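Okay, so here's the structure we're looking at.
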Amino acid sequence: MKTTILPLFNRVFSKTFRKAFLSVSAVSFLLFFLDFGRCIRLDPVFESKHFLLCVFTLIGWSFCIALSVRALGMRKTVPVIGLAVLFIVMDYVNYSDFRFVAGESDGPQGGRMMNLYCTYFHSLTTVSIFLIIYLLSFCCRSRFLTFLRYFLYYLFFLFALTVIGNKVFSGRGINEDAMIAILQTDRKEAFHYFFGLNNGLLLLVWIFLSVFVLWLIARFAFPPFRKRVGYRKMLAKNAALWCAAALLPCVVMGIFGSMYRFFPPRMYRAMRYPILYSLDLKEFNRNRADYIRKLQERLSSINKGECFPGKYVVVIGESLNRNFMGCYGYPKNTTPFQSRLKDEDRIILFRDCFSCHVQTQRVLMLFLTSLNQYNGKGYEIADATSIIDIANLYQYHTAWVSGQEKIAVANSSISALAESSDYIYFSNEKTPYRDLDVVKNIEENKLLDYDRSLTFVHLNGNHYPYRLSFPPDEVFDEQDFSIYEKSIRFNDRILSNLYDLAQANDVDVMLYVSDHADAVSVKMGHDPRQYVQEMAEIPLWVYLSDNYRAAHPEIADRLRAASGQVFTNDLVFDLLLSLMGMDNEFVDPTLVPGSDGYRIDEENARTVYGRERIVISRQNGAE
Ligand SMILES: [Zn+2]
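Residue numbering for the sequence shown follows our numbering, beginning at 2 and increasing consecutively.
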């Protein structure tokens, strides 16, 4: 064995290999770092783990290409290099107009940097796998390998070329939204859309031309070896094995670095979306049917009683951390408007409010319904009764206006609950500065005109990436705001707009609370697997109109006295129903802050669905 390995080693890693390795790695690293420099400026998140993974992948990739050049020659390697370049170009071209595509709220990080890592890691590992099959197919007499080589060659190239062609001719890339649009269409509409708006004919010509050119390249670059060059076969076989060995560590690290779990190739995610979507739709329909059936039973036996008619508005914030809000004692004036409301005593600000979970969907599930962490009724949607359905029963006009997207996958249980509203609106990816759009929508549709109404405003708020939560031309009064502080300042402006709108329409009660916070000070987002309490430290304030105070002075007094009590936002349900004067069996008076028997305190307050205890520190509180 030993005697054959050394000469083989020298023969494989020859001068040709070294030259190819140096030039390929120089070019790849140059391209990678050029984009890296651009991304880190726009989205200053450096993830060392994923960065290193990309560096290793680039080295492995250069190594594989150099081996292929050595074994097959430059001409036969060009298609493989071309494929890698094409995959990377495809990602950039297709996603160039999407503002944000990475793992959304799944991981603590996201944005451009992740997309960069994603693009390089997945494109290069995918093409390296093709390369291994490609090399093997030249040295083994396997019909299957030859077939696989041609099959993958046409599949990969045509896929990338079609995606690029689609973007060029239609001006719109393919992402999860596009897949939903395709699923929701019928044949006639699809035909019209494809050939009309999408320039489908051009795309078909493009695909046809691509096939022809690919066929020419295959003829030129793929002719099988003649029998006499036996040693080249051996080289190709060895090169394939070396490539596999070089690739393996990258793939293993990719698995441990969560590259596959959280950041599968973007294209793959889009392609997989129809399956997720139909599963989710099924789940939604099942949820909704279950929910409605059980709800009828519950509501039929309810002892309805009276309520306070009037206009109620609930504003739900997003990823807002109260420790960064001026009105909660943050040294910078990030919330001039809310601070003024507080100073002028027009709102009741709750000092120790926490979220009941750190994921939007899970929070809202309890927030909107009779379920909570303290009554032991579990967390199944079928066992829940939502505020919206109760309000409908009492003949309020109900509205759900959301600055967030109706992505079925992320929001199915919320959608199932919001579906009961008389009026529903969701923003979509194309809506710029969704919270401005939300304010406009409420105004245009005169939602606050109804004398008896309950309006939910679900803001896009301070969602990561924070830079995208306010318009780029927004002018800030203080120059030294961080990106997150700017997003809070902008959110303050949105609240001011909503408050003005509420004033103009004589709204009786306006309640503002965030779904959860982001652990901004430790740069961790809101991932329940890495829970820190900062993720749950949210603002809550309640505005009561003069009319309301005059009509219900005892409620106003109780609420004021309760502002120092510990509160978790799964109890918004009880708080809101009591403010609306609904005295029915859904309200548990011991969970309404300010009531005589209020039983939530530092000892038993919980978050993450009862998993975590809440610890109250008085050092950085408002008072
Ligand atoms: Zn959220």
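Every residue, glycine too, gets a C-beta built ideally from N, C-alpha and C. Every value quoted in this text rests on a predicted model; they were computed, and no experiment measured them.
- Scanning its chain for C-beta atoms nearer than 6 Å, with the 5 sequence neighbours on each side dropped, one finds around residue 238 the residues 140, in chain order.
- At the C-beta level, residue 537 and residue 415 stay beyond 9 Å of one another.
- Following the DSSP letters along the chain, one finds residue 500 inside the alpha helix (DSSP H) bounded by residues 484-505.
- Judged by their CB atoms, residue 60 and residue 114 are not nearer to each other than the 9 Å cut-off.
- Here residue 316 is bridged, per DSSP, to 458, 513.
- Taking all protein chains in view, the Cβ of residue 547 is surrounded by fewer than 16 other Cβ atoms within 10 Å, so the residue is classified as exposed.
- At least one heavy atom of ligand 1 sits closer than 8 Å to the Cβ of residue 364.
- Note that the C-beta distance between residue 510 and residue 314 is below 9 Å.
- The Cβ atoms of residue 521 and residue 355 do not sit closer than 9 Å to each other.
- Within the same chain, and ignoring the five residues on either side of residue 358 in sequence, the residues whose Cβ sits closer than 6 Å to its Cβ are 364, 609, 610.
- Take the alpha-carbon of residue 382 and the one of residue 371: they are about 10 Å apart.
- DSSP, reduced to helix, strand and coil, places residue 402 within a strand of the structure shown.
- In the DSSP secondary-structure assignment, residue 354 is bridged to 568.
- Looking only at 569, 555, 559, 562, the smallest Cα-Cα distance to residue 534 is reached by 569.
- 204 is the residue among 599, 204, 149 whose C-alpha sits nearest the C-alpha of residue 167.
- Residue pairing from DSSP leaves residue 574 without any beta-bridge partner.
- Taking a C-beta distance under 9 Å as the contact criterion, residue 251 and residue 69 do not qualify as a contact pair.
- Set against 8 Å, the gap from the CB of residue 535 to the closest heavy atom of ligand 1 is not smaller.
- When C-alpha distances from residue 309 are compared across 582, 595, 618, the shortest belongs to 582.
- The residue among 96, 80, 143 with its C-alpha nearest the C-alpha of residue 128 is 80.
- Taking a contact as a CB-CB distance under 8 Å, the pair residue 134 and residue 149 counts as one, their CB atoms being some 6 Å apart.
- Residue pairing from DSSP places residue 349 in a beta bridge opposite 543.
- Here residue 538 carries a strand assignment [DSSP, helix/strand/coil].
- A check of alpha carbon separations from residue 377 across 137, 302, 571 identifies 571 as the nearest.
- The region 554-562 makes contact with the region 592-606: 3 or more CB pairs, one atom from each, lie closer than 8 Å.
- Per DSSP, the beta bridge partners of residue 427 are 403.
- Inter-segment contact for the region 422-436 and the region 323-338 is absent: fewer than three beta-carbon pairs are separated by less than 8 Å.
- For ligand 1, no non-hydrogen atom lies closer than 8 Å to the CB of residue 403.
- Rounded to whole angstroms, the separation of the alpha carbons of residue 27 and residue 71 is 18 Å.
- Relative to the non-hydrogen atoms of ligand 1, the Cβ of residue 516 comes within a distance shorter than 8 Å of at least one.
- For residue 320, the shortest C-beta to heavy atom distance toward ligand 1 is below 8 Å.
- Of the candidates 459, 336, 311, 311 places its Cα closest to the Cα of residue 552.
- About 5 Å separates the beta carbon of residue 136 from that of residue 240, a gap short enough to meet the 8 Å contact definition.
- Beta bridge pairing from DSSP links residue 614 with 607.
- The Cβ atoms of residue 329 and residue 350 sit closer than 9 Å to each other.
- Going by DSSP, residue 444 is part of the alpha helix (DSSP H) stretching over 435-445.
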